[in-house]
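The structure appears right after this line, and notes come after that.
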Amino acid sequence: MADRLKDRIALVFGAGSVGEGWGNGKAAAAAYAREGAKVVCVDLNADAAEATRAIIEGEGGEAIALSADVTDAASIKAAVDKTVETYGRIDILHNNVGMNIAGSVVQATEEDWRKVMDVNLTSIFLTCKAVIPVMEAQGKGAIINISSMAAVLYTGYPYASYYASKAAVNHLTRSIAMDYATKGIRANTIMPGLMDTPHIYKQMAGYYEGDLDRMRDDRASKVPMRRQGSGWDIGWAAVFLASDEAGFITGVELPVDGGQHCMGKA
Ligand SMILES: NC(=O)c1ccc[n+]([C@@H]2O[C@H](COP(=O)([O-])OP(=O)(O)OC[C@H]3O[C@@H](n4cnc5c(N)ncnc54)[C@H](O)[C@@H]3O)[C@@H](O)[C@H]2O)c1
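Residues 971 to 1236 in my numbering are what the sequence shown spells out, letter by letter.
Okay, structure coming up:
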């Protein structure tokens, strides 16, 4: 355990993982705890939130697990209220929840489009709406929103709603950063590139007829470093952005992508 975030309170939405291993949100929650933060692990899937909490506790950290739906304002409010009731403040808001439904604008249904916008974008509007007043009263807070390199690159798949929602996350975060720059609240975006997380085995394996070695090799070949990242790469970037070391950094989009953004293509 280190102490870059000693006694900070981190509220992580999407702190579970869709499969065994370390997803971006699960690793971020654990990384915050390893740096001394007390972590509120929130997930739609109560078991996934509890699994992350148990790991943190097993490592000697402190965490609680809550179930909430980031598309539902009342559910978010209950999680925020519980956090404030338990710990009295919120120093870090981490928005990890994101999903994808494939389809060009013609292929996707209106329902698919609205669902992706709700889960990826409106969720961040709602969590920030609930948490920023708490941070404003404290005069301090750090917001980390997880977007994607797909916010700025066409990745080769027909993901119209995903691209649009993640691009909007980037600009929404800039807008929050500017609206609260004088209030001690910083807001930054992390854009993960090609990450080897449980998420991709659910989301991408179909494009490779389930040939997971081919999927891993193909994804790695697109990265200048010739490897995929891990959830920990996102977690440690989030720790930095949440820490006082990043105290003069707000409104940035940080690619964590092995250099892929330099290529200007996915
Ligand atoms: N893995 C990659 O290659 C990659 C690349 C770029 C961006 N991303 C982004 O990273 C984020 C996800 O990463 P991960 O590895 O943690 O994924 P994950 O799917 O393993 O974890 C997301 C968690 O969010 C929870 N969740 C889903 N809907 C929810 C809701 N409505 N309310 C509350 N919780 C909900 C899920 O139960 C899950 O535990 C997304 O924003 C995604 O767009 C991932």
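Cβ atoms here follow ideal geometry from the backbone N, Cα and C, with glycine treated the same way. Quick caveat: nothing in here was measured; it's all calculated off a predicted structure.
Would you identify the three-state DSSP class for residue i, choosing helix, strand or coil?
i     : result
L1063 : strand
Y1002 : helix
K1099 : helix
V982  : strand
I1219 : coil
E990  : coil
G1073 : strand
M1161 : strand
Y1127 : coil
V1104 : helix
D1181 : coil
V1050 : helix
M1243 : Any property of residue 1243 remains undetermined from this structure, which presents the chain solely from 971 to 1236.
K1235 : coil
V1139 : helix
V1089 : helix
V1193 : coil
D1042 : coil
G1205 : helix
Check whether the Cβ atoms of residue i and residue j sit closer than 8 angstroms, and answer yes or no.
i     : j     : result
D1061 : A980  : yes
L975  : A1212 : yes
N994  : I1204 : yes
A985  : A999  : yes
I1146 : H1064 : no
R1059 : Q1108 : yes
P1162 : G1199 : yes
V1010 : T1053 : yes
T1125 : A1236 : yes
I1160 : I1116 : yes
G1006 : A1033 : no
Can you give me the C-alpha to C-alpha distance between residue i and residue j, rounded to a whole angstrom?
i     : j     : result
I1170 : P1225 : 18 angstroms
N1140 : T1056 : 31 angstroms
I1046 : C1098 : 10 angstroms
S987  : N1090 : 16 angstroms
E1027 : V1050 : 21 angstroms
M1087 : V1104 : 25 angstroms
V1083 : Y1127 : Note on identity: in this sequence residue 1083 is Trp, with Val being the wrong assignment. Distance between the alpha carbons of W1083 and Y1127: 16 angstroms.
T1167 : T1092 : 24 angstroms
A942  : V1067 : Nothing about residue 942 can be read from this structure; the chain reaches only from 971 to 1236.
G991  : A1044 : 30 angstroms
N1158 : E1223 : 6 angstroms
L1182 : L1164 : 14 angstroms
Q1244 : M1185 : This structure gives no information on residue 1244, because the portion of the chain shown stretches from 971 to 1236.
D977  : A1048 : 22 angstroms
Q1110 : V1076 : First, the amino acid is wrong: residue 1110 is Lys here, not Gln. Approximately 44 angstroms between the Cα atoms of the pair.
L1123 : F1218 : 27 angstroms
C1232 : V1193 : 10 angstroms
Per DSSP, residue i is paired with what?
i     : result
R1156 : A1112
D977  : D977 pairs with nothing; no bridge assigned.
S1037 : D1013
P1225 : M1161
G1199 : M1165
E1032 : K1008
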